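Have a look at the structure below, then the notes.
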Amino acid sequence: MSQWVSIWRAAQLAGVPRAVLQQQVRAGEIEENDGMVSTASLLALYPQLQLEAAGLAERVARIRDESFGKRVRERLLPSQEVLAQRLFQQSQELADVQRHLQRYHALVVDLREQIRQKNREVGGDDPRLAALERALAGGLARVLATEPVDALHVMDDMLKVMSAQVTLRPSGHQFTVEGRDSLLQAGLRAGLNLNYGCGNGSCGMCKVRVTDGQVARCAASDYPLSETEKAQGYVLACAHTAASSELTLETLEAAGPADIPEQQIAVTVRALRPLAPDTLLLHVQTPRTHRLRFLAGQSVTLAAADGDGAQARHPVASCPCDDRNLHFFIPRDPGDPLAVRLFAGGVRPGDALTLWGPYGSFTLAQATQPLVFVACDVGFAPVKSLVEHALSLDAAPSLTLFWLATRGDGHFLANQCRAWSEALDPFEYSLFTDTDPAAGALQVARAMRADLFEVDCAFYLAGPEAFVATVTAQLAQAGVPAAQIHQEVLP
Ligand code: FES
63 MSQWVSIWRA AQLAGVPRAV LQQQVRAGEI EENDGMVSTA SLLALYPQLQ
113 LEAAGLAERV ARIRDESFGK RVRERLLPSQ EVLAQRLFQQ SQELADVQRH
163 LQRYHALVVD LREQIRQKNR EVGGDDPRLA ALERALAGGL ARVLATEPVD
213 ALHVMDDMLK VMSAQVTLRP SGHQFTVEGR DSLLQAGLRA GLNLNYGCGN
263 GSCGMCKVRV TDGQVARCAA SDYPLSETEK AQGYVLACAH TAASSELTLE
313 TLEAAGPADI PEQQIAVTVR ALRPLAPDTL LLHVQTPRTH RLRFLAGQSV
363 TLAAADGDGA QARHPVASCP CDDRNLHFFI PRDPGDPLAV RLFAGGVRPG
413 DALTLWGPYG SFTLAQATQP LVFVACDVGF APVKSLVEHA LSLDAAPSLT
463 LFWLATRGDG HFLANQCRAW SEALDPFEYS LFTDTDPAAG ALQVARAMRA
513 DLFEVDCAFY LAGPEAFVAT VTAQLAQAGV PAAQIHQEVL P
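Each residue of the sequence shown is one higher than the last, beginning at 63 in my numbering.
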């Protein structure tokens, strides 16, 4: 008999992005009902998940050798306390089911006995009572016969212990808590814009209300929740993890840049290395107690902490899922005093910088439609952040990247694009070269026109003004509505 699991869990079981599974549901390839998919149709589409109907011990041994087992092993285990709580909860559910089954069994046996007795009372030759007794006995035998265990159900049960599924209200967003992640870390890793501040239990901004399921403390916190808040089920997301395999939380999420407060943070330079002769990778780290809350695609102002006036605005090139380690691609630019100082070796690992921000609205408006990213030179920085964010959200049916290089540095992170494309089915990329941004933009637009102008895509363009303006004009000419075009003009 087919079981039903959530799309999120089904994607975990099959080891494919959720967006891929959603596409298959839309195409009618997988049976779906009220957000749940049938394990029978999942197995039909992913037959490698089908384990032979042997004994359970053999099955588990096989799981250890298969790709699913590998995915399980690669995850960090939750803490012993959390594992114990999740196992306890599953044992309780199992005990409940067992109790019910025993009662039903007793009821059916009793019924069969009553029918037998009735038939005896009428001389044992009532054909209807005899048929009823035979039907009941046959049904009971079929139910008690050992049926092959649904392999996906076994795997689902294992995943329920290894990881927990969290649903947020009112948004309906879902994410998985794995290993020793707090609710906040897991939510950020999943690309959600959760409310938070310090990330270490002292500001209270990450308060969430647990409306279903159980949580366990996973980190110390100083912020004192009131007795009323505790009674209402509020906990700090940065100091708690999921103790039950399913959890529902009530919380508000940032809807856009206006919901993200401006911050000033003293950061430390962790690394500074050339990606190409005229492009530096700057890696800065925030203090553990003061991380940068930002949306993918946004920029910050960076300044030398010694106050010599060397400061400039740069897009963050990394994903908000890691709010401590921030990456920037700094191009050599005589008009940028900070870049001049960085290229001259005036800043070294371990030095302090001051950061203000985040700024800008070049952020993901909607992640459920096909996404097209179009970058020129270091316009790849905000685009990389957006691509990583979209991959974390796992909701876009496809991601396509067009990257034009006009400088001698070329596509300084082409290997990153290759890695995405090799690892992820829905990601494709094309590289272009032209010394003139506008001419290069026409080249990119010609390549795009083939298939993307017709589809309901969202376009994210980043680069110098001539490039962004030319691609925008080409998109407009092709009938793409302005609301679907998002731009970031860089110097
Ligand atoms: S983010 Fe500050 S207490 Fe959780």
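Ideal Cβ positions, reconstructed from N, Cα and C, are used throughout, including at glycine.
Predicted model, so just to flag it, every value in this text is computed and none were measured.
Under DSSP, the alpha helix (DSSP H) around Cys438 begins and ends at which residues?
Here residue 438 refers to the residue found at position 376 when the sequence shown is read from its first residue. Here Cys438 belongs to no alpha helix (DSSP H); instead the beta strand (DSSP E) covers Leu433 to Cys438.
Between the CA atoms of Glu94 and Asp498 - distance to the nearest angstrom:
The residue given as residue 498 occupies position 436 in the sequence shown. The residue given as residue 94 occupies position 32 in the sequence shown. Distance between the alpha carbons of Asp498 and Glu94: 50 Å.
Beta carbon of Asn255, beta carbon of Ile327: below 9 Å?
Taking the sequence shown and counting its residues from 1, one reaches residue 255 at position 193. Taking the sequence shown and counting its residues from 1, one reaches residue 327 at position 265. No.
Within 10 angstroms of the Cβ of Asn477, are there 16 or more other Cβ atoms? Answer buried if so, exposed if not.
Walking along the sequence shown from the start, residue 477 turns up at place 415. Result: exposed.
At the level of alpha carbons, what is the spacing between Ala116 and Phe150?
On the sequence shown, position 54 is the one that residue 116 refers to. On the sequence shown, position 88 is the one that residue 150 refers to. Because Ala116 sits at a pLDDT of 38, beneath the cut-off of 50, its placement in the model cannot be relied upon, and the point is left open.
I want to check one thing, is the minimum distance from the CB of Tyr258 to the heavy atoms of ligand 2 below 8 Å?
With respect to ligand 2, the structure offers nothing, as its ligand set consists of ligand 1.
For ligand 1, any of its heavy atoms closer than 8 Å to the Cβ of Pro298?
By one-based count along the sequence shown, residue 298 stands at place 236. Sequence check: residue 298 is Leu here, not Pro. Yes, the Cβ of Leu298 comes within 8 Å of a heavy atom of ligand 1.
Coil, strand or helix - Leu311 by DSSP
Locating residue 311 in the sequence shown gives position 249, counting from the first residue. In the structure shown, Leu311 sits in a strand (DSSP, three-state: E or B).
Return the Cβ separation of Ser307 and Ala226 in integer angstroms, given the expectation that the two are a contact with Cβ distance under 8 Å.
Taking the first residue of the sequence shown as position 1, residue 307 is located at position 245. Taking the first residue of the sequence shown as position 1, residue 226 is located at position 164. Yes, they are in contact, since the Cβ atoms of Ser307 and Ala226 sit about 5 Å apart, within 8 Å.
If you check the beta carbons only, do Gln360 and Gly419 fall under 9 Å apart?
As a working note, residue 360 is residue 298 in the sequence shown. As a working note, residue 419 is residue 357 in the sequence shown. Contact: yes.
What is the residue span of the alpha helix (DSSP H) that Met510 lies within?
Counting from 1 along the sequence shown, the entry for residue 510 is found at position 448. Its alpha helix (DSSP H) spans residues Pro499 to Arg511.
With a CB to CB cut of under 8 Å and the five nearest residues on each side skipped, what residues in its chain are close to Cys300?
Counting from 1 along the sequence shown, the entry for residue 300 is found at position 238. For Cys300, where only same-chain residues beyond five positions count, the Cβ hits under 8 Å are Ser244, Leu245, Leu246, Gln247, Tyr258, Cys260, Gly261, Asn262, Gly263, Cys268, Ala281 and Ser283.
Using the Cα positions of Glu324 and Ser103, report the straight-line distance between them to the nearest angstrom.
The residue labelled residue 324 in the question sits at position 262 within the sequence shown. The residue labelled residue 103 in the question sits at position 41 within the sequence shown. Between Glu324 and Ser103, the C-alpha separation is close to 48 Å.
heavy atom of ligand 1 below 8 Å from Gly261 C-beta:
Counting from 1 along the sequence shown, the entry for residue 261 is found at position 199. Yes, ligand 1 has a heavy atom inside 8 Å of this Cβ.
Could you tell me which of Leu486, Arg469 and Glu490 sits nearest to Gly502, measuring between CA atoms?
Start at 1 with the first residue of the sequence shown, and residue 502 comes out as number 440. Checked all of Leu486, Arg469 and Glu490; the closest Cα to Gly502 is Arg469.
Spatial neighbours of Gln505 within its chain, please: C-beta separation below 8 Å, excluding the five flanking residues on both sides.
One-based indexing of the sequence shown puts residue 505 at position 443. Counting only Cβ-Cβ distances below 8 Å, and skipping sequence neighbours, we find Leu466, Phe494 and Asp496.
Could you pull the start and end residues of the alpha helix (DSSP H) that Phe405 belongs to?
Locating residue 405 in the sequence shown gives position 343, where the first residue counts as 1. Residues Pro399 to Phe405.
Run of the beta strand (DSSP E) containing Gln236, from where it starts to where it stops
The residue given as residue 236 occupies position 174 in the sequence shown. That run of the beta strand (DSSP E) goes Gln236 to Glu240.
Label Gln179 either buried or exposed according to how many other C-beta atoms from any shown protein chain fall within 10 Å of its C-beta, with 16 as the threshold for buried.
For the purposes of this step, residue 179 is taken as residue 117 along the sequence shown, with counting starting at 1. Burial call: exposed.
Decide if His548 is buried, meaning its Cβ has at least 16 other Cβ atoms within 10 Å, or exposed.
The residue labelled residue 548 in the question sits at position 486 within the sequence shown. It is buried - the Cβ of His548 has at least 16 other Cβ atoms within 10 Å.
Unbroken beta strand (DSSP E) runs of length 3 or more, entirely within the segment 238 to 280: which are they?
If we require 3 residues or more, the beta strand (DSSP E) runs fully inside the segment 238 to 280 come out as 269 to 274 and 277 to 279.
From Pro377, His215, Pro488 and Gln431, pick the residue whose C-alpha is nearest to that of Asp439; which is it?
On the sequence shown, position 377 is the one that residue 439 refers to. Answer by Cα proximity: Pro377.
What separation, rounded to the nearest whole angstrom, lies between the Cα atoms of Ile177 and Ala197?
On the sequence shown, residue 177 is found 115 positions in, with the first residue counted as 1. On the sequence shown, residue 197 is found 135 positions in, with the first residue counted as 1. If I take the Cα positions, the gap works out to 11 Å.
Quick one: using the 10 Å Cβ neighbour count with 16 as the cut-off for buried, is Gln154 buried or exposed?
To locate residue 154, count along the sequence shown from 1; it is residue 92. With fewer than 16 Cβ atoms within 10 Å of its Cβ, Gln154 is classed as exposed.
Ligand 1 heavy atom lying under 8 Å from the CB of Leu504:
Mapped onto the sequence shown, residue 504 falls at position 442. No, the beta carbon of Leu504 sits no closer than 8 Å to any heavy atom of ligand 1.
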